[in-house]
Amino acid sequence: MSLRRKRRSRLLRPRAPYIQPMDIYDGEPWTEMDIEDLTAALKSGDTIEDAAHHLCRSGTVEDVRLKAEELGLKYTRRKPS
Numbered sequence: 696m697s698l699r700r701k702r703r704s705r706l707l708r709p710r711a712p713y714i715q716p717m718d719i720y721d722g723e724p725w726t727e728m729d730i731e732d733l734t735a736a737l738k739s740g741d742t743i744e745d746a747a748h749h750l751c752r753s754g755t756v757e758d759v760r761l762k763a764e765e766l767g768l769k770y771t772r773r774k775p776s
């Protein structure tokens, strides 16, 4: 098999789907300290994604967003690049 054919066959192989990595507190119950940290992060101007990262919940940004809305907190989202 030629080198060109080997490269092409390697490029055309099916790949595993991308799986969003989990963070250590993704899906865990919210503690009082988590809520205080979320409130402080958003009040200081962090985006919801930054707050999720700070809370070690970056794999479940949607859960962090829902908790912020539940608490009546205002937030911004990171602009897509």
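Under my numbering, the first residue of the sequence shown is numbered 696, with each subsequent residue one higher.
All residues carry an ideal CB built from backbone N, CA and C; glycine is no exception.
Classification of residue i by the beta-carbon crowding that lies within 10 angstroms, buried from 16 upward
i              : result
leucine 761    : exposed
threonine 755  : buried
serine 739     : exposed
isoleucine 743 : buried
arginine 752   : buried
alanine 763    : buried
Inter-residue spacing [alpha-carbon to alpha-carbon] between residue i and residue j
i             : j             : result
glycine 767   : valine 759    : 12 Å
glycine 748   : glutamate 765 : According to the sequence shown, residue 748 is histidine rather than glycine. Their Cα atoms are separated by approximately 19 Å.
aspartate 721 : proline 775   : 23 Å
lysine 769    : leucine 737   : 7 Å
aspartate 729 : arginine 772  : 19 Å
Per-residue DSSP class, three states only, for residue i
i             : result
threonine 755 : helix
tyrosine 734  : Note that residue 734 is threonine in the sequence shown, not tyrosine. Threonine 734 falls in the helix class under three-state DSSP.
Element boundaries [alpha helix (DSSP H), containing residue i]
i             : result
glutamate 744 : 743 to 749
Residue i CB to nearest heavy atom of the ligand MN below 6 Å
i          : result
lysine 762 : Only the bare structure without any ligand can be found here, which leaves the ligand MN out of the picture.
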